[in-house]
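Contents: one structure, followed by commentary.
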Ligand SMILES: [Zn+2]
């Protein structure tokens with residue numbers, strides 16, 4: 001497993017297409033929202049990448065170098081196929097023509113079958129901007145006669161994971177059973193000590209306790225130990241009703 005940290009899609013070596021690319025405003029959003037599903041699909045042999053749009057810094061207890069080493073540890077915990085950082089500015093993430101072309105360029109080079117974006121409703125402006133930007137970049141990636149690297153490419157689907165800063169009672173489109181991959185998800189989140197441990201209250205329930213409670217509640221709804229919710233705007237096709245738990 002090789003984790004590639006790069007700033008420019010044009011510098012990427014050509015590889016086989018990814019099955020899934022999770023796009024995250026900040027390093028840790030992918031882990032929080034869908035670390036269990038990422039670990040599950042990788043264990044099934046899928047090629048899964050994470051593209052962080054910004055470094056996520058500054059934060060009260062983090063630094064650029066610390067966050068980067070934490071991101072590497074989290075990537076190892078999930079056994080990611082690929083991880084990159086688009087180098088956009090934290091707290092100033094905007095959907096512009098330039099950022100749309102940049103993210104579309106990653107799609108053209110990495111050729112993910114499916115793209116995962118943050119859920120569209122959030123209090124954090126970076127997250128709302130990221131969702132808008134990813135949806136537009138998905139369309140932009142298929143354009144011909146452009147300066148963007150790679151060939152025109154259109155990810156087949158965009159789905160949404162929940163890593164939100166609102167106390168919403170969300171109604172997901174589906175829930176993935178991550179019971180066998182909770183430990184990998186937890187390890188990937190614990191890798192970000194500067195975000196979830198340093199300076200945080202150790203009194204129960206801690207943030208990590210809360211995350212476990214949340215995963216447990218999603219699991220309860222599907223009669224499994226742990227679950228992770230997702231949303232889709234377009235209807236899903238099932239190969240058979242047998243795949244429903
Ligand atoms: Zn975030």
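Residue numbers (the UniProt record's numbering): 1 to 245. For each residue, glycine too, the CB sits at the ideal point set by N, CA and C.
- For residue 217, the enclosing alpha helix (DSSP H) starts and ends at 207-221.
- Residue burial is scored here from C-beta neighbours: residue 70 has at least 16 other C-beta atoms within 10 angstroms and is therefore classed as buried.
- Residue 172 and residue 181 have their alpha carbons spaced roughly 20 Å apart.
- In this structure, the beta-carbon distance from residue 61 to residue 194 falls below 8 Å.
- For the region 93-179, the continuous alpha helix (DSSP H) assignments of 4+ residues that do not extend past its boundaries occur at 97-110 and 125-140, in sequence order.
- Those residues that have a beta carbon less than 5 Å away from any non-hydrogen atom of ligand 1 are, in order along the chain, 25, 26 and 29.
- DSSP, reduced to helix, strand and coil, places residue 83 within a strand of the structure shown.
- Using a Cβ-Cβ distance cut-off of 8 Å, the region 106-119 and the region 16-25 are in contact, since at least three pairs of beta carbons, one from each stretch, lie closer than that value.
- Residue 162 and residue 8 have their C-alpha atoms some 27 Å from each other.
- For residue 235, the closest alpha carbon among the candidates 174, 212, 147 and 11 is that of 174.
- Excluding sequence positions up to five before and after residue 149, its CB lies within less than 7 Å of the CB of 9, 10, 105, 108 and 109, all in the same chain and listed in chain order.
- Across the structure, residue 131 and residue 100 are spaced so that their CA atoms are roughly 11 Å apart.
- Measuring C-alpha to C-alpha distances from residue 129 to each of 95, 42, 119 and 64 identifies 95 as the nearest.
- Beta-carbon to beta-carbon, residue 123 and residue 165 are separated by about 4 Å, close enough to satisfy the 8 Å threshold.
- Ranking 81, 170, 188 and 41 by CA distance to the CA of residue 27 puts 188 first.
- Beta-bridge annotation (DSSP): residue 54 is paired with 88.
- For residue 21, the enclosing beta strand (DSSP E) has its first and last residue at 20-24.
- Assignment of residue 242 by DSSP, reduced to helix, strand and coil, places it in the helix class.
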